[in-house]
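Student: All residue numbers for the sequence shown refer to my numbering, where the first residue is 198 and numbers rise by one. By construction, the Cβ of each residue, glycine as well, lies at the ideal position given by its N, Cα and C atoms. Here's a structure for you.
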Amino acid sequence: MKTLPAWASEEQLADIARQFGTPVYVYDLASIQARVGAFRGFDEVRFAVKANPNLAVLSSLRQAGVSSDSVSNGEVLKALAAGFEPADIVYTADLLDREAAAAVLEHRLHVNAGSLTMIDQVGELGGFDSITLRINPGFGDGHDDKVTTGGPNSKHGIWHGSLPEARQRARAHGLRVTGLHVHIGSGVREDFVPDTIEAMGRAVDVFSDTVERVSCGGGMSIPYREADREFDVEAVGQAWSDARDRWSEKLGRRIALEAEPGRYLVAQSGVLLTEVCGVNDTRSGNEEGHTFILVDAGFHTLPRPLLYGAYHHLSIMGKSDAATRPQMVAGPLCESADVFTQTKGGVPAPQDLPEVERGDLMVVHDAGAYGAAMASCYNSRPLPAEVAITQDGVAHLVRPALDVRRLIEEERASLPASLSPTALP
Ligand SMILES: Cc1ncc(COP(=O)(O)O)c(C=O)c1O
């Protein structure tokens, strides 16, 4: 059975829940920093901010020597607020919306363009002399089709067959293509590495006169289930750095190699704590029924199970030795899809859990990536609080739960009195 990660103690997690309420995300900064070491075969590690834009997380990754990849104006602001220099931020997208264009211009950010249009957009901004191109190599992989970011069904990246046109467009705008980037999906299998390297090699040939830097993207996963294998970052780093050396030798200059992980750096260093609020049962007179443990977190807190049928190991604090039976776990939202124990297509996937009582604390494991980052205020519920444990072991509230009253006041402020007649008590 999966146990709590080494950085977490039941006593401290219980304290955090008592002090800051539930649902609450908890991150351990020291173990996030320690994860960076696996990428030693790369010249640069660029954190995909989308995986966890919490300021404490970003700052500790910056302190560990990691640079950042932002995909929106908001993520640029987050990175700046965490102390990243503009030179350490790359803006990756398939288009420049107005806000992003303004941020790129204001902070002179290097752009990683994922479409031919975006090359034009950067050229039209004026004053830029270099650009990175994200390539769609014609295939992709990922833990779910929804996060497979290569191949003909993906909107991401410049199709490999369009690289000569990309070259012409960049040249027409006076942009040197100094970087080449590929990211075929999130939760990729190592088997795809050789083909991805080969595709990158062909792109390096197209831009052999200007390329200085190559990025293999992110996508490295973590063992969400006990039986899952560790992603072999070192072996993948070795394969890419061997290729980098071959390209460098061929071109007669050293090409830098970059990785852009998100999940790998933060997933295991975060848990979500949620309180058991009750139980509902559909078993009476029905063999196909389930016990539903009802908790105060839902898909507004952690959407991954709903979106991808993603597995998160669940455990009840203080009951690791108790007898268990298969049970479902569900949240408070008004949707039957608000269930943590489901696989793809919403198929029920109960987990072995002990008998629970109201007030028990449940731990949702491996919740540090794409957890709080994807949370919403659905059902007018607050975004969850986020707590970071610093190197000295002290827990700090980084973001309190978003106060719904504040949202209501903001709505009221812009409305005529007839549409918002009642001030909150
Ligand atoms: C361009 C890009 N880079 C990096 C990542 C990080 O992926 P992961 O968290 O799977 O490492 C993503 C996420 O989908 C991405 O779109």
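CB of E387 to nearest heavy atom of ligand 1: below 8 Å?
Tutor: no
Student: Roughly how far, in whole angstroms, is the beta-carbon of G568 from the beta-carbon of L470, given that I think they are within contact range, below 8 Å?
Tutor: Not a contact, Cβ separation roughly 12 Å.
Student: Under three-state DSSP, which class holds F496?
Tutor: coil
Student: Since L252 and A278 should fall inside the 8 Å C-beta cutoff, what is the C-beta to C-beta distance between them, to a whole number of angstroms?
Tutor: 6 Å
Student: With three or more beta-carbon pairs closer than 8 Å as the criterion, would you say the region 552-569 touches the region 506-525?
Tutor: yes
Student: When we look at the beta-carbon of A248 and count the other beta-carbons within 10 Å, is it buried (16 or more) or exposed?
Tutor: It counts as buried.
Student: Is the closest heavy atom of ligand 1 to the C-beta of S383 under 8 Å?
Tutor: Flag set: Cβ of S383 near ligand 1.
Student: Can you tell me which of S405, S312, Q318 puts its alpha carbon nearest to the alpha carbon of E362?
Tutor: Distance from the Cα of E362 is smallest, within the candidate group S405, S312, Q318, for S312.
Student: Output the boundary residues of the beta strand (DSSP E) element that contains H307.
Tutor: Unbroken beta strand (DSSP E) run through H307: 307-310.
Student: Less than 9 Å separating the beta-carbons of G274 and L293?
Tutor: Note that residue 274 corresponds to Leu in the displayed sequence, not to Gly. Result no, Cβ atoms of L274 and L293 do not sit closer than 9 Å.
Student: Which whole-angstrom value is the C-beta distance of V411 and V401, which I expect to be below 8 Å?
Tutor: 7 Å
Student: Using 8 Å for Cβ pairs, my map puts Y224 next to S466. What's the rounded Cβ distance?
Tutor: 6 Å
Student: Can you tell me which of the three DSSP states I419 falls into?
Tutor: coil
Student: Return yes when the C-beta of T329 is under 8 Å from any heavy atom of ligand 1, and no when it is not.
Tutor: no
Student: Which same chain residues, not among the five before or five after E583, have their C-beta less than 6 Å away from its C-beta?
Tutor: Same-chain partners within the cutoff: Y222, N251, A569, V595, R596.
Student: For V601, which residues of its own chain have a beta-carbon under 6 Å away from its beta-carbon, when the five flanking residues on both sides are left out?
Tutor: Around V601: S577, P579.
Student: So does K247 have its beta carbon nearer than 8 Å to some heavy atom of ligand 1?
Tutor: Because some heavy atom of ligand 1 lies under 8 Å away, the Cβ of K247 counts as near it: yes.
Student: Measuring only from the beta carbon, is D563 closer than 8 Å to any heavy atom that is part of ligand 1?
Tutor: For D563, the Cβ stays outside the 8 Å cut-off from all heavy atoms of ligand 1.
Student: Compare the Cα-Cα distances from W444 to each of M397, D429, E431 and report the closest residue.
Tutor: M397
Student: Going by the C-beta, is M417 closer than 8 Å to any heavy atom of ligand 1?
Tutor: yes
Student: How about I381 and A440: do their beta carbons lie closer than 9 Å?
Tutor: no
Student: Is G320 closer than 9 Å to G335 when the C-beta atoms are compared?
Tutor: no
Student: Does the beta-carbon of V268, which I'm using as the reference point, lie nearer than 8 Å to any heavy atom of ligand 1?
Tutor: yes
Student: Compare the C-alpha of D176 against each of A227, E455, L491 and name the closest.
Tutor: Here the chain has residues from 198 to 622 only, and residue 176 is not among them.
Student: Does any heavy atom of ligand 1 sit closer than 8 Å to the C-beta of R410?
Tutor: Answer for R410: no, Cβ out of range of ligand 1.
Student: Less than 7 Å between C-beta atoms, sequence neighbours within five positions excluded: which residues of the same chain meet that for P220?
Tutor: L469, L470, T471, D493, A494, T498, P581
Student: Check S512 in the structure and name its three-state DSSP category.
Tutor: strand
Student: Considering only residues of the region 307-393, which uninterrupted beta strand (DSSP E) runs meet the minimum length of 3 residues and lie entirely inside it, listed in chain order?
Tutor: 307-310, 327-333, 373-379
Student: Can the beta-carbon of F239 be found less than 9 Å from the beta-carbon of L462?
Tutor: Cβ atoms of F239 and L462: not closer than 9 Å.
Student: What residues are listed by DSSP as bridge partners for A211?
Tutor: Note: A211 sits in no beta bridge, so no partner.
Student: Measuring only from the beta carbon, is Y575 closer than 8 Å to any heavy atom that is part of ligand 1?
Tutor: no
Student: P349 to Q548, Cα distance in whole Å?
Tutor: Rounded to the nearest whole angstrom, the C-alpha separation of P349 and Q548 is 37 Å.
Student: Would you list the one or two residues that DSSP bridges to G489?
Tutor: Going by the sequence as given, residue 489 is Phe instead of Gly. F489 is bridged to N477, M525.
Student: Would the region 411-425 and the region 447-461 be scored as touching if the rule is three or more Cβ pairs under 8 Å?
Tutor: yes
Student: Specify the secondary structure class of M559 as computed by DSSP and reduced to three states.
Tutor: M559: strand per DSSP, three-state reduction.
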